[in-house]
Amino acid sequence: MQHHFEKAKALDQADELARFRGYFFNQEKLIYLDGNSLGQLPLKTKELMSQLVAEQWGERLIRGWNEHWMELPSRLATKIARLVGAQPDEIFVGDSTSLNLYKLAFAALSAQQGRTKIVSDALNFPTDLYVLQGLIQQQFRQHRLELIQSHDGISIGEEQLEKMLNEHTALLTLSHVAFKSAFMHDMTKVNQMAHKKGALVIWDLSHAAGAVDLALNATNADMAVGCTYKYINGGPGASAFLYVRKDLQARLNNPVASWFGHNRPFDFDMQFQAADDIRKFGVGTPNILSMAAMEPGLDLLLEAGMPALRAKSVQLSNFMLEMIQQELLPLRFSLASPLEAVKRGSHLSIQHPEAYRINRAMIEPNDGSKAIIPDFRPPDNIRMGFAPLYNRFEEMAETVQRIKAIIQSAEFERFGKEKLTVT
Ligand SMILES: *Cc1c(COP(=O)(O)O)cnc(C)c1O
Numbered sequence: 521m522q523h524h525f526e527k528a529k530a531l532d533q534a535d536e537l538a539r540f541r542g543y544f545f546n547q548e549k550l551i552y553l554d555g556n557s558l559g560q561l562p563l564k565t566k567e568l569m570s571q572l573v574a575e576q577w578g579e580r581l582i583r584g585w586n587e588h589w590m591e592l593p594s595r596l597a598t599k600i601a602r603l604v605g606a607q608p609d610e611i612f613v614g615d616s617t618s619l620n621l622y623k624l625a626f627a628a629l630s631a632q633q634g635r636t637k638i639v640s641d642a643l644n645f646p647t648d649l650y651v652l653q654g655l656i657q658q659q660f661r662q663h664r665l666e667l668i669q670s671h672d673g674i675s676i677g678e679e680q681l682e683k684m685l686n687e688h689t690a691l692l693t694l695s696h697v698a699f700k701s702a703f704m705h706d707m708t709k710v711n712q713m714a715h716k717k718g719a720l721v722i723w724d725l726s727h728a729a730g731a732v733d734l735a736l737n738a739t740n741a742d743m744a745v746g747c748t749y750k751y752i753n754g755g756p757g758a759s760a761f762l763y764v765r766k767d768l769q770a771r772l773n774n775p776v777a778s779w780f781g782h783n784r785p786f787d788f789d790m791q792f793q794a795a796d797d798i799r800k801f802g803v804g805t806p807n808i809l810s811m812a813a814m815e816p817g818l819d820l821l822l823e824a825g826m827p828a829l830r831a832k833s834v835q836l837s838n839f840m841l842e843m844i845q846q847e848l849l850p851l852r853f854s855l856a857s858p859l860e861a862v863k864r865g866s867h868l869s870i871q872h873p874e875a876y877r878i879n880r881a882m883i884e885p886n887d888g889s890k891a892i893i894p895d896f897r898p899p900d901n902i903r904m905g906f907a908p909l910y911n912r913f914e915e916m917a918e919t920v921q922r923i924k925a926i927i928q929s930a931e932f933e934r935f936g937k938e939k940l941t942v943t
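Here the sequence shown is numbered in our numbering, starting from 521 and rising by one per residue.
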């Protein structure tokens, strides 16, 4: 392991983003590899929240809407637009990713009359599939959902994807980066393939936003949704976002009509009239506290810049991958992520028959070593996320060393096989 630690040291010294770690709430005895489930707390957010609650909510009360809060969602939208390569008037911030997908999928299926096929893939996140299943049951009873299968549980072949698309396809919806394997679709190619068949595409960017370079406009993406509590560090349950390309906005309608999607909500008109811009996708009053908490994390990403962040993410993952190959494959681990960096997001999954208990031992060491938090995804995946804003190369080497120690001492046998609720 010694040479890995030396390499880590050199990489940390050369890291141009190293200073960003200091802007986060770090803990000395913790290595956090779960920034792809819940990002770390920016120190500025901590300060901002207590100030905002006391001054804006406490003192200003309802006046806070005009003074601060009405403009907050669109200011965040402008920043998210920069992050994902879109225009400010193509992004709506609010609601959850699931609800945003529901709204956009409903709108897309309604706009694609006569087409009854919905295509997704077997690597997609369960909530996305549940949303589609629910839509079919409630409203689109003639539609059917077809999943592109994966040969290896890791990736999806482009030819397979192309074969699934035809003139009956209304909608193709995919996670840009797969939550388990980190497989990343080629957005440009997939959009082209789908558009050739007249299908609309919704991308789920939850594991991509803030982790990989996105260019929604340049790749001619139709629609997208994404969450902000992963790599954007917006905090637990932070508001999600959605994107609709400008020229599609008139054709697509939000199935949930509400006052914040109204053209003039404060006229208190008795008749609903949808806003004629991206605001039409709003549902009710924005979650101001949670949105405010998102802004410092977003600002840090924009300051660092996505090209530099992506470059560091690839370096972190490649370094970890090299150590997995040399140190962990001989210990009955296997790799459950693509080998090539261009086909990966910012995490790696490894598999082991004892993955669950190894994961527990990483989180709860009993030898005074640092706690390491990856996450467990059934049946046997340990998933390690790399957040280029705050993860260090040395942490990668420490993690591999710790996993080796857990296996060699059979320390995982301290734990039972029954699973905790949140893994
Ligand atoms: C995290 C994640 C979600 C989260 O959905 P919520 O509705 O915000 O809970 C959705 N899709 C994908 C692909 C995710 O990774």
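Just so you know, even glycine gets a beta-carbon here, dropped at the ideal spot from N, CA and C.
When Ala528, Gln522, His523 are compared, the shortest CA-CA separation from Met916 is found for Ala528. Between Gly584 and Pro806, the gap from beta carbon to beta carbon reaches 7 Å or more. Per DSSP, the unbroken alpha helix (DSSP H) holding His715 starts and ends at 707-716. Taken through DSSP and simplified to helix, strand or coil, Ala744 comes out as strand. The region 846-872 contains no complete alpha helix (DSSP H) run of 4 or more residues.
The DSSP-derived three-state label of Tyr552 is strand. For ligand 1, no non-hydrogen atom lies closer than 6 Å to the CB of His696.
Closest by C-alpha distance to Leu841, out of Met826, Asp819, His867, is His867.
CA-CA distance, Leu818 to Ser726, rounds to 14 Å. One alpha carbon belongs to Gly865, the other to Thr748, and they sit about 16 Å apart. In this structure, DSSP gives Arg771 a state outside helix and strand, which the three-state scheme calls coil.
Measuring C-alpha to C-alpha distances from Leu667 to each of Ser695, Ile638, Thr647 identifies Ile638 as the nearest.
Assignment of Asp648 by DSSP, reduced to helix, strand and coil, places it in the helix class. Tyr650 sits exposed, since fewer than 16 C-beta atoms from the chains shown fall within 10 Å of its C-beta. Phe544 is bridged by DSSP to Pro562. In this structure Met814 is buried. Its beta-carbon is surrounded by 16 or more other beta-carbon atoms within 10 angstroms.
A distance below 8 Å between beta-carbons, with the five flanking residues on each side excluded, links Gly654 to the following residues of its chain, in chain order: Tyr622.
For the region 622-673, the full-length alpha helix (DSSP H) segments reaching 4 residues or more read 646-658 along the chain. Leu692 carries a strand assignment under DSSP once its states are collapsed to helix, strand and coil. According to the DSSP assignment, Gly905 belongs to the beta strand (DSSP E) that extends over 901-905. Contact check for Phe699 against Phe645 passes: the beta carbons are separated by less than 7 Å. Nearest neighbour of Leu592 by Cα position, chosen from Arg602, Glu579, Phe612, Glu575, turns out to be Phe612. Nearest neighbour of Gly559 by Cα position, chosen from Ala702, Pro785, Tyr751, turns out to be Tyr751. Distances from the CB of Ala690 to the heavy atoms of ligand 1 are all 6 Å or more. For the options Arg830, Gln633, Ile844, Lys766, the alpha carbon positioned closest to that of Leu909 is the one of Arg830.
With a beta-carbon spacing of about 7 Å, Thr693 and Asp648 fall inside the 8 Å limit used to define contacts.
In the DSSP assignment, Ala891 falls within the beta strand (DSSP E) that extends over 891-893. Gly555 sits buried, since 16 or more C-beta atoms from the chains shown fall within 10 Å of its C-beta. Burial check for Phe761: the Cβ neighbour count within 10 Å reaches 16 or more, so the residue is buried.
Taking C-beta atoms as the reference points, Phe935 and Arg897 fail to come closer than 7 Å. Burial is judged here by how many other beta carbons sit within 10 angstroms of a residue's own beta carbon; Gly755 has at least 16 and is buried. Taking a C-beta distance under 7 Å as the contact criterion, Thr636 and Gln658 do not qualify as a contact pair.
In this structure, the beta-carbon distance from Asn901 to Gln871 falls below 7 Å. Taking a cut-off of 8 Å on C-beta distances, the region 704-718 touches the region 729-739, as three or more cross pairs fall below it. The closest heavy atom of ligand 1 lies less than 6 Å from the beta carbon of Ser726. Taking C-alpha positions only, Lys683 is separated from Val604 by approximately 28 Å.
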